[in-house]
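Letter by letter, the first sequence follows residues 448 to 576 of my numbering. Glycine residues also receive a C-beta, built at the ideal position from the N, C-alpha and C atoms. Please read these numbers as outputs of a predicted model, since none were measured by experiment.
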Amino acid sequence: MPESLFKKRVIAVVRAIPYGRVASYGQVALLCGAPRASREVGWVLNRLEKEIEVPWWRVLNNKGEITIKGSTFSADFQRKLLQSENIVVSDDFLLSMHDYRWIPTGDEMKQFELPSDYLKTVNEKLRNY
DNA sequence: GTGATGACGTCTT
DNA sequence: CAAGACGCCATCA
448 MPESLFKKRV IAVVRAIPYG RVASYGQVAL LCGAPRASRE VGWVLNRLEK
498 EIEVPWWRVL NNKGEITIKG STFSADFQRK LLQSENIVVS DDFLLSMHDY
548 RWIPTGDEMK QFELPSDYLK TVNEKLRNY
């Protein structure tokens with residue numbers, strides 16, 4: 448994986464998450480072609496700074512829990528952003544992945560240019576969500 | 001090069 | 001169900 452390509456992919460995937468929908472870190476990693484790099488997704492989002500417009504708040508862990516730890520933004524702020532998209536978030540920073548998780552269509556996935564043989568495992572994983 | 005550090009995921013108690 | 005252990009891997013010091 449060439450230098451900074453991973454970062455570009457993370458940004459591309461996160462930007463594809465539609466308004467009012469969310470995705471998990473592991474899911475973003477999966478769509479980046481690096482299925483076991485979930486922690487790195489968080490790492491990239493953590494130091495986004497003033498990058499191009501990226502809806503980073505639509506990414507949470509697989510349980511639907513807000514686990515932000517960066518100093519720039521708080522969990523409270525992330526919850527506000529999610530709520531502003533009509534997403535119901537409980538007081539303990541939890542939301543229903545079942546209700547809000549984004550499952551990309553095959554068409555949406557084309558832009559990620561993933562190898563055709565890899566797409567099989569992607570779809571398999573997405574089915575388990 | 002080498003070891004440490006995560007906005008994680010999953011399996012095991 | 002909750003908490004801990006491990007695995008993971010791009011970056012950084």
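Through-space distance from residue j to residue i, alpha-carbon basis
i       : j       : result
Asp-539 : Asp-546 : 17 Å
Ser-485 : Ser-543 : 20 Å
Gln-525 : Ile-499 : 18 Å
Asp-564 : Glu-496 : 35 Å
Ser-521 : Val-460 : 22 Å
Asn-493 : Arg-483 : 18 Å
Ser-518 : Lys-527 : 16 Å
Phe-559 : Val-535 : 29 Å
Arg-574 : Leu-507 : 19 Å
Gly-473 : Ser-537 : 22 Å
Tyr-576 : Asn-570 : 10 Å
Trp-454 : Ile-515 : The identity of residue 454 in the sequence shown is Lys, whereas the question assumes Trp. Going by the C-alpha atoms only, they are around 18 Å apart.
Ser-451 : Lys-557 : 21 Å
Asp-523 : Trp-503 : 14 Å
Beta-carbon proximity of residue i to residue j, cut-off 7 Å
i       : j       : result
Ile-464 : Arg-505 : yes
Arg-548 : Val-501 : no
Gly-480 : Leu-541 : no
Val-475 : Val-488 : yes
Supposed contact pair residue j and residue i - C-beta distance, whole angstroms, cut 8 Å
i       : j       : result
Lys-567 : Leu-477 : With 8 Å as the limit, Lys-567 and Leu-477 do not qualify as a contact, their Cβ atoms being about 12 Å apart.
Counting pairs of beta carbons, one from the segment 465-472 and one from the segment 501-512, are three or more of them closer than 8 Å?
-> yes
Decide if the segment 551-560 is in contact with the segment 520-537; the criterion is three or more beta carbon pairs, one per stretch, under 8 Å apart.
-> no
Going along the chain, which unbroken runs of the alpha helix (DSSP H) with 4 or more residues stay wholly within the segment 448-505?
-> 452-462, 472-479, 485-493
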